[in-house]
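A short worksheet on the structure shown next.
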Amino acid sequence: MAEGDRNLSVHGDAVGQFVTGDHNDVLSVVVNATHSAVTVVGPAKRPKPVRREHIERLPRRADRPPLGREAELAALVRSITGNMPAGVHGPEGIGKSTLVRHAVFEVGHHDGVVFLDGYGKDVDDLAQSLFEACWDAPGYRPGEAELQRLLADLRLCVVIDDLDVPARGLTRILDTVPSGALAFTSRERLLWGQGKAVALAGLSRSAGNELLARELERPLLPAEAEAAAALWRASEGHPAALVRAAALACPGGDGAAAGEAVLPAPAEVPELLRRAVARLGGASRHVLAFLAVAPRAQATVDVLTLLVPGSTGTAVGEAVDRLTVLGLLNRTGPHVRLAGHPGGPWPEGLALAPQQVAEATIRLTAWAADRRTEPAALADHSLLIAGLAEAVGRAGRPDLGVALTRAAAPGTACSLRWGAWDRILSRGLASARHAGDERAHAYFTYESGVRSWLTGNRLAAAAAFGTAAAAWHALGDPAGAALAEGAQAQIGPGPGPAPGTDSGAGTDTGTGTSTDTGGGTDVHSGGAQPASDASPPGTGSATHSDPAHPADAGAPPTHPAAPPADPPVPTPGPGLPTPPAHAGGLPLFAKVVIGGSLIAASAIGTVTILGRGAAPVGTPPTVPLHVHVATSLFEVKEMPGTPESPCPTGTGKTDCTKVSRVAKGERGPVQVVPAGTLPQGVSIVYWGCEEGPSSTACTVRADRERTVCATTTSPDDEAARRECARRTTDRFPAAPQTALVAVDLGATDFEVAVTPDTPGTGPCVQPPLDPDKKPPSRRTCEFVVPLNTKMKLTAKITGNARGLSRPFNGEPEWFGCDEGPATPGAFDPDGRGINEDTGRQEPYPNGTKTCTLDLTTGRYIGLASTDLSDGGSTTALAGAFAQLPRVHIAPGVTAMPKPDEPPLQRVSCSAFGGPDGIECLGKPANG
Numbered sequence: 005m006a007e008g009d010r011n012l013s014v015h016g017d018a019v020g021q022f023v024t025g026d027h028n029d030v031l032s033v034v035v036n037a038t039h040s041a042v043t044v045v046g047p048a049k050r051p052k053p054v055r056r057e058h059i060e061r062l063p064r065r066a067d068r069p070p071l072g073r074e075a076e077l078a079a080l081v082r083s084i085t086g087n088m089p090a091g092v093h094g095p096e097g098i099g100k101s102t103l104v105r106h107a108v109f110e111v112g113h114h115d116g117v118v119f120l121d122g123y124g125k126d127v128d129d130l131a132q133s134l135f136e137a138c139w140d141a142p143g144y145r146p147g148e149a150e151l152q153r154l155l156a157d158l159r160l161c162v163v164i165d166d167l168d169v170p171a172r173g174l175t176r177i178l179d180t181v182p183s184g185a186l187a188f189t190s191r192e193r194l195l196w197g198q199g200k201a202v203a204l205a206g207l208s209r210s211a212g213n214e215l216l217a218r219e220l221e222r223p224l225l226p227a228e229a230e231a232a233a234a235l236w237r238a239s240e241g242h243p244a245a246l247v248r249a250a251a252l253a254c255p256g257g258d259g260a261a262a263g264e265a266v267l268p269a270p271a272e273v274p275e276l277l278r279r280a281v282a283r284l285g286g287a288s289r290h291v292l293a294f295l296a297v298a299p300r301a302q303a304t305v306d307v308l309t310l311l312v313p314g315s316t317g318t319a320v321g322e323a324v325d326r327l328t329v330l331g332l333l334n335r336t337g338p339h340v341r342l343a344g345h346p347g348g349p350w351p352e353g354l355a356l357a358p359q360q361v362a363e364a365t366i367r368l369t370a371w372a373a374d375r376r377t378e379p380a381a382l383a384d385h386s387l388l389i390a391g392l393a394e395a396v397g398r399a400g401r402p403d404l405g406v407a408l409t410r411a412a413a414p415g416t417a418c419s420l421r422w423g424a425w426d427r428i429l430s431r432g433l434a435s436a437r438h439a440g441d442e443r444a445h446a447y448f449t450y451e452s453g454v455r456s457w458l459t460g461n462r463l464a465a466a467a468a469f470g471t472a473a474a475a476w477h478a479l480g481d482p483a484g485a486a487l488a489e490g491a492q493a494q495i496g497p498g499p500g501p502a503p504g505t506d507s508g509a510g511t512d513t514g515t516g517t518s519t520d521t522g523g524g525t526d527v528h529s530g531g532a533q534p535a536s537d538a539s540p541p542g543t544g545s546a547t548h549s550d551p552a553h554p555a556d557a558g559a560p561p562t563h564p565a566a567p568p569a570d571p572p573v574p575t576p577g578p579g580l581p582t583p584p585a586h587a588g589g590l591p592l593f594a595k596v597v598i599g600g601s602l603i604a605a606s607a608i609g610t611v612t613i614l615g616r617g618a619a620p621v622g623t624p625p626t627v628p629l630h631v632h633v634a635t636s637l638f639e640v641k642e643m644p645g646t647p648e649s650p651c652p653t654g655t656g657k658t659d660c661t662k663v664s665r666v667a668k669g670e671r672g673p674v675q676v677v678p679a680g681t682l683p684q685g686v687s688i689v690y691w692g693c694e695e696g697p698s699s700t701a702c703t704v705r706a707d708r709e710r711t712v713c714a715t716t717t718s719p720d721d722e723a724a725r726r727e728c729a730r731r732t733t734d735r736f737p738a739a740p741q742t743a744l745v746a747v748d749l750g751a752t753d754f755e756v757a758v759t760p761d762t763p764g765t766g767p768c769v770q771p772p773l774d775p776d777k778k779p780p781s782r783r784t785c786e787f788v789v790p791l792n793t794k795m796k797l798t799a800k801i802t803g804n805a806r807g808l809s810r811p812f813n814g815e816p817e818w819f820g821c822d823e824g825p826a827t828p829g830a831f832d833p834d835g836r837g838i839n840e841d842t843g844r845q846e847p848y849p850n851g852t853k854t855c856t857l858d859l860t861t862g863r864y865i866g867l868a869s870t871d872l873s874d875g876g877s878t879t880a881l882a883g884a885f886a887q888l889p890r891v892h893i894a895p896g897v898t899a900m901p902k903p904d905e906p907p908l909q910r911v912s913c914s915a916f917g918g919p920d921g922i923e924c925l926g927k928p929a930n931g
């Protein structure tokens with residue numbers, strides 16, 4: 005061993021090995037089926053990356069250009085060629101991916117073009133994919149500083165489809181390629197004040213008709229003109245909705261040739277889709293059912309073929325094509341994922357039985373354990389692996405979830421995608437806890453410590469190693485305990501330069517527990533190198549000496565007698581290094597713990613009890629808990645929640661605010677835990693707690709949105725104490741005294757006038773839509789009135805039906821008003837007929853002729869009509885308000901956001917002066 009190298013003993017079957025880090029903090033890792041062993045090596049052992057001669061990674065070229073997107077495409081290409089960032093945002097299925105995939109072939113860059121799939125991947129994993137696309141260095145993951153050095157001078161065009169990171173994550177990506185151009189797609193707008201933000205709305209009417217004709221593979225029939233217009237209006241030009249309607253075209257109709265399919269009316273689409281789903285058989289039914297088990301997951305056709313019993317790749321591929329056309333699946337490169345619910349209850353027999361879930365889990369475990377399975381494939385399917393492990397636990401077999409995640413963990417580590425690895429380890433911990441498998445729990449705890457070490461979070465690593473050592477001692481496993489204690493001893497005081505970037509309060513989505521973000525990999529020859537003593541193909545990576553996990557990874561372990569009691573939040577075990585106090589000249593570090601019965605929700609909506617794992621289905625509603633820590637004495641390295649603003653790291657100080665979701669009505673402690681001794685006479689103090697201001701302990705009752713602020717009694721933190729008092733005193737100013745009423749207008753062919761009876765508030769008049777222009781993203785009337793007003797609205801609809809020489813023939817039909825139902829109900833789009841005497845549509849059951857509102861909050865309501873021309877828009881509003889009969893807007897909101905502004909979010913009405921127990925659309929208190 006070279007001087008300066010420190011090594012842990014290695015035993016077990018080696019799966020692979022890799023090197024990570026830069027400068028003086030280079031770590032070599034050998035991954036075994038039983039554990040990962042880390043060696044601290046000298047800088048000379050760091051691999052020397054070689055730049056690729058030809059940098060080009062392009063998606064499959066689209067067969068046809070996007071319809072009706074000429075202006076957006078030109079703007080996107082101009083931005084890229086001008087080295088300016090460009091973001092395309094819009095709802096799912098609006099055509100974002102089609103646009104950027106076409107644009108990438110119209111631009112050229114001096115040093116290359118790299119296209120990445122961003123779905124389910126965090127910033128660090130995307131950066132590793134970018135590194136591997138540009139540099140040849142198998143088995144190497146550089147630290148952030150080295151990565152930026154290697155990419156700084158490359159004039160690349162980087163295109164990321166389906167980017168799902170916070171705004172700070174986007175900034176990090178831009179900093180990674182300072183000399184290049186970045187283009188990306190996202191659901192929400194991420195670019196503000198820089199580059200070009202392109203908002204995709206629906207297609208124009210002419211482009212919508214062209215899309216329908218292209219999907220039908222023939223010109224539209226004259227008899228279809230009215231149906232095509234109604235579909236365009238009802239969908240607001242949404243391409244995916246139009247493609248779905250064309251796929252549901254039925255034979256017959258005026259002017260149609262024998263057997264020729266004719267477009268359906270908008271009201272027919274939901275029922276036709278339900279029937280199509282109900283008729284699914286064989287592979288199509290199984291593919292939809294398996295993806296519905298893990299709704300966020302994506303999978304390749306090969307892996308789906310593995311899951312579907314008795315199927316072939318050809319049959320599954322054809323099933324995927326059919327489900328994609330119906331709009332039930334989204335396809336991104338080789339991967340597909342569930343696009344959404346078919347619009348009604350799942351047909352009987354579509355949900356998988358517990359035995360089917362168990363059998364699929366066993367098959368996926370065998371695939372994950374097979375040494376021939378590439379680490380990149382495991383990372384790409386980490387959402388599926390975690391989702392299936394969770395589902396099989398709900399089906400009563402958490403032991404199978406343990407076997408699956410344990411088989412997948414070593415290979416996923418070798419993919420060098422820390423986000424995907426974290427996802428597998430987090431799910432493995434939860435499954436082991438559920439199954440009562442203490443050996444597996446110790447394994448996942450230890451591996452989580454290794455991951456924390458590799459990402460620079462040494463405090464978390466030391467705590468995890470100490471917990472694992474204690475567990476292995478209790479289990480009578482001295483070798484495992486020695487392994488964990490040796491790893492803990494190697495870490496040493498302080499974090500040092502972080503090999504990765506997943507450290508502490510400055511992370512993008514950092515939480516006190518593992519977050520379910522990131523994952524995936526898709527480049528060249530990246531990932532760890534196979535170990536020299538790797539088993540031959542076909543030998544499962546779960547083969548090891550642990551008697552609790554036999555060699556046959558596909559065979560389910562025996563059921564435990566009962567799960568153990570929930571363990572406490574991990575605390576440092578024996579051997580945890582204690583950094584010196586601040587006065588000693590070296591930095592002091594700390595962590596923030598939210599405990600007790602408070603429940604935190606991760607960024608993707610999974611509810612987690614801190615220190616306990618996944619909460620059961622049916623968890624209570626949540627409210628935000630903002631925690632602010634400010635001190636010049638120590639740096640917080642672990643802090644649950646999502647940052648509200650940049651949290652500087654590496655300064656030895658803390659000025660950071662994060663927000664977590666906690667269970668409404670629950671009560672628990674918030675604690676800042678230093679890893680060493682504070683200066684004599686100095687203590688940590690809290691504001692915003694039940695104990696009162698400047699208290700030395702903090703208990704929070706989450707009856708509403710809360711703010712806790714922590715600092716110390718040191719003279720150096722006097723300004724921080726004043727700031728804590730200000731934050732917790734002014735967090736909830738006087739409740740706003742205004743209410744917004746927003747009326748969504750569905751009568752698109754006619755002029756609509758809405759008049760409130762509130763004194764001083766005039767009428768709102770909206771003209772009919774212009775058929776030759778793109779429809780606006782929202783056509784509304786808005787009124788701002790005093791809170792607690794009782795308002796009555798009247799509507800007058802006039803004009804001639806488009807394309808017909810007849811005046812308006814109908815009555816206004818309101819949705820979401822106080823006269824209507826207050827609870828969700830079933831919706832039948834065909835549940836109304838036509839009155840032959842009047843020539844009007846009958847009203848829907850949840851529609852009302854009048855509209856009154858008791859404005860204890862603002863309200864969002866709908867207005868359509870019983871005129872035959874408004875059938876599509878009325879159906880759309882009736883269906884939406886059947887699911888959400890009351891849509892409240894937070895007091896104080898004075899206008900609905902414009903298309904280029906951030907959307908409103910769900911907030912607690914009571915935090916803004918509204919009633920308790922309901923949610924509103926509003927702007928969070930943190931802005």
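One gets the numbering used here by counting positions in the sequence shown from 1 and adding 4 to each. Glycine residues also receive a C-beta, built at the ideal position from the N, C-alpha and C atoms.
Does the Cβ-Cβ distance between residue i and residue j come in under 9 Å?
i: Ala90; j: Leu186; result: yes
i: Ser869; j: Glu817; result: yes
i: Leu773; j: Val712; result: no
i: Ser435; j: Gly397; result: yes
i: Val627; j: Ser912; result: yes
Once DSSP output is grouped into helix, strand and coil, what is the label at residue i?
i: Phe294; result: helix
i: Gln1; result: Look at the range of the chain in this structure, 5 to 931, and you will see that residue 1 is not part of it.
i: Thr802; result: strand
i: Gly432; result: helix
i: Gln684; result: coil
i: Ala509; result: Any reading at Ala509 must be qualified, since the residue scores a pLDDT of 33, below 50, and its modelled position is unreliable; no value is offered.
i: Glu214; result: helix
i: Thr409; result: helix
i: Trp457; result: helix
i: Pro628; result: strand
i: Ser873; result: helix
i: Ala1; result: Because the chain is modelled from 5 through 931, residue 1 falls outside the range shown and cannot be assessed.
i: Thr336; result: strand
Terminal residues of the continuous beta strand (DSSP E) containing residue i?
i: Asp168; result: Segment: none, Asp168 is in no beta strand (DSSP E) and carries neither H nor E.
i: Thr924; result: Checking the sequence shown, residue 924 turns out to be Cys, not Thr. From DSSP, the beta strand (DSSP E) with Cys924 extends over 923 to 926.
i: Ser718; result: From DSSP, Ser718 is part of no beta strand (DSSP E); its letter is neither H nor E.
i: Thr318; result: Run containing Thr318: none in the beta strand (DSSP E); it sits in the alpha helix (DSSP H), 317 to 329.
i: Leu342; result: 339 to 342
Going by other Cβ atoms of all chains shown within 10 Å of its Cβ, with 16 needed for buried, is residue i buried or exposed?
i: Trp196; result: exposed
i: Gly609; result: Low confidence applies here, because Gly609 scores a pLDDT of 26, under 50, leaving its location unreliable; read the following figure in that light. Burial call: exposed.
i: Gly926; result: buried
i: Gly918; result: buried
i: Thr365; result: buried
i: Pro851; result: According to the sequence provided, residue 851 is Gly. The question's Pro does not apply to it. The residue in question, Gly851, is buried, as its Cβ has 16 or more Cβ neighbours within 10 Å.
Could you tell me the boundaries of the alpha helix (DSSP H) in which residue i lies?
i: Lys100; result: 100 to 107
i: Leu368; result: 358 to 373
Are the region 381 to 390 and the region 414 to 425 touching, with three or more C-beta to C-beta distances below 8 Å?
yes
Flag this pair as touching only if the region 176 to 183 and the region 152 to 163 have three or more C-beta atom pairs under 8 Å; answer yes or no.
yes
Would you call the region 110 to 122 in contact with the region 209 to 225, where contact means no fewer than 3 C-beta pairs closer than 8 Å?
no
The region 858 to 865 in contact with the region 833 to 848 per 3-pair CB rule at 8 Å:
no
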